[in-house]
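Everything below concerns the one structure shown next.
Residue numbers (our numbering), protein chains in the order written: chain A, 1 to 132; chain B, 133 to 264.
Right, here's the structure in full:
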């Protein structure tokens, strides 16, 4: 088995509307937005509440998957790096890992702060970090 | 588009050989092992070296994908939780995120410490955390 099939569990809504407005390397951000979780997966949200810190995995659907080496942060002086040594969105499996703050949960909608992801990007997973 | 195809970039070799020996919730660990990156993707390792901290994404190929609620850490007193509120391996996309320490890199083999993943588990991605 050399591959597996991902299922999108939702989609992000935010104010980063164009690829050129998205931070090239996902990192800290002040943007807020909403994770719309598809009804099929809504039961998985039970127990997530305002104030939680969550790790969210996104599928960077516009990213190039065949490139294996890049110039980090566009700095050619640093030389070519393997994509696994960088935080470039370009990689064989373009999965972003973002740590977000939960502002509110209403039904299948999770309001979050800290977004650095393009509006319309598919959501793959949520993992609550904070313990109670 | 409601799904996408993952490509396995490698496989982990370690001393956690049976599912019942794997920590039920991936967390800190003293286990060491090797990430064998398939030759197709080896160029992506350029720039990763001993001493680096890396985030590694694994595909938990044995995990149940259809369960949306669980009892966290088997503690029924805490009640049912949505899988997204837990660190259970059971979730629609069973992707584990592990922070590992690089002990050595030799060709397509990355020796790591901190493994909590079953021997033979597919590797999806590596992201270097440490900056130089």
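Even for Gly, the Cβ is constructed at its ideal location relative to N, Cα and C.
Just so we're clear, the structure is a prediction, and the values are computed from it rather than from any experiment.
- Item | Interface flag, residue 185 of chain B vs chain A, CB-CB below 8 Å | Answer no: the Cβ-Cβ gap between residue 185 of chain B and chain A never drops below 8 Å.
- Item | residue 171 of chain B, buried or exposed, once every other Cβ within 10 Å from all chains shown has been counted against 16 | That one is exposed.
- Query: With DSSP run on the structure shown, which of helix, strand or coil describes residue 221 of chain B?
  - Reply: In this structure, residue 221 of chain B counts as coil in the three-state DSSP scheme.
- Query: Shortest alpha-carbon distance to residue 215 of chain B belongs to which of A/3, A/20, A/42 and A/7?
  - Reply: Ranking the options by Cα distance to residue 215 of chain B, first place goes to A/42.
- When the Cα atoms are used, what is the spatial distance from residue 217 of chain B to residue 77 of chain A? Approximately 43 Å, taken between the alpha carbons.
- Message: Contact criterion: CB-CB distance below 8 Å. Does residue 108 of chain A meet it with respect to chain B?
- Response: So, not an interface residue.
- Query: Assuming residue 105 of chain A and residue 48 of chain A make a contact with CB atoms under 8 Å, what is their CB distance in whole Å?
  - Reply: Indeed, because the Cβ distance is near 6 Å, the residues count as touching under 8 Å.
- Is residue 136 of chain A close to chain B, meaning its C-beta is less than 8 Å from at least one C-beta of that chain? Residue 136 of chain A lies beyond the stretch modelled for chain A, which goes from 1 to 132, so this question has no answer here.
- residue 176 of chain B, buried or exposed, once every other Cβ within 10 Å from all chains shown has been counted against 16: The C-beta of residue 176 of chain B has 16 or more other C-beta atoms within 10 Å across all chains shown, which makes the residue buried.
- Query: Can you tell me where the beta strand (DSSP E) with residue 45 of chain A in it begins and where it stops?
  - Reply: DSSP places residue 45 of chain A outside any beta strand (DSSP E), giving it a letter other than H or E.
- Query: Between residue 188 of chain B and residue 234 of chain B, which are expected to be in contact by the criterion C-beta below 8 Å, what is the C-beta distance as a whole number of angstroms?
  - Reply: About 10 Å separates the beta carbon of residue 188 of chain B from that of residue 234 of chain B, a gap too long to meet the 8 Å contact definition.
- Identity of the residues DSSP links to residue 122 of chain A by a beta bridge: For residue 122 of chain A, the beta-bridge partners assigned by DSSP are A/11.
- Query: If you run the structure through DSSP and keep just helix, strand and coil, what is residue 104 of chain A?
  - Reply: It is a strand residue.
- Message: Can you look up residue 212 of chain B in the DSSP assignment and give me helix, strand or coil?
- Response: Under the three-state reduction of DSSP output, residue 212 of chain B falls in the coil class, being neither helix nor strand.
- With DSSP run on the structure shown, which of helix, strand or coil describes residue 151 of chain B? Residue 151 of chain B falls in the helix class under three-state DSSP.
- Short CB-CB distance (under 8 Å) between residue 43 of chain A and chain B: It does; some Cβ of chain B falls within 8 Å.
- Task: Can you pull the chain A residues whose beta carbon is under 7 Å from the beta carbon of residue 150 of chain B, in chain order?
- Result: Residues of chain A whose Cβ lies closer than 7 Å to the Cβ of residue 150 of chain B do not exist; the shortest such Cβ separation is about 19 Å.
- From residue 17 of chain A to residue 65 of chain A, what distance separates their C-alpha atoms? Linking residue 17 of chain A to residue 65 of chain A through their CA atoms gives a straight-line distance of about 21 Å.
- Task: With hydrogens ignored, establish whether the beta-carbon of residue 239 of chain B is closer than 7 Å to any heavy atom of the ligand PLP.
- Result: Looking at this structure, you won't find the ligand PLP or any other ligand, since it has none at all.
- Could you name the residues that DSSP lists as bridge partners for residue 55 of chain A? Paired residue(s): A/99 and A/127.
- Message: What residue range does the beta strand (DSSP E) around residue 197 of chain B cover?
- Response: Counting along the chain, no beta strand (DSSP E) covers residue 197 of chain B, and no H or E run does either.
- Message: So, at 7 Å on beta carbons, what are the nonlocal neighbours of residue 145 of chain B in its own chain, with the 5 sequence-adjacent residues on each side left out?
- Response: Only 165, 166, 168 and 251 meet the Cβ criterion.
- Item | residue 117 of chain A at chain B interface by Cβ criterion, 8 Å | With 8 Å as the cut-off, residue 117 of chain A does not count as an interface residue toward chain B.
- Query: Going by Cα to Cα distance, which pick from A/46, A/91 and A/52 is closest to residue 70 of chain A?
  - Reply: That would be A/91, whose Cα lies nearest to the Cα of residue 70 of chain A.
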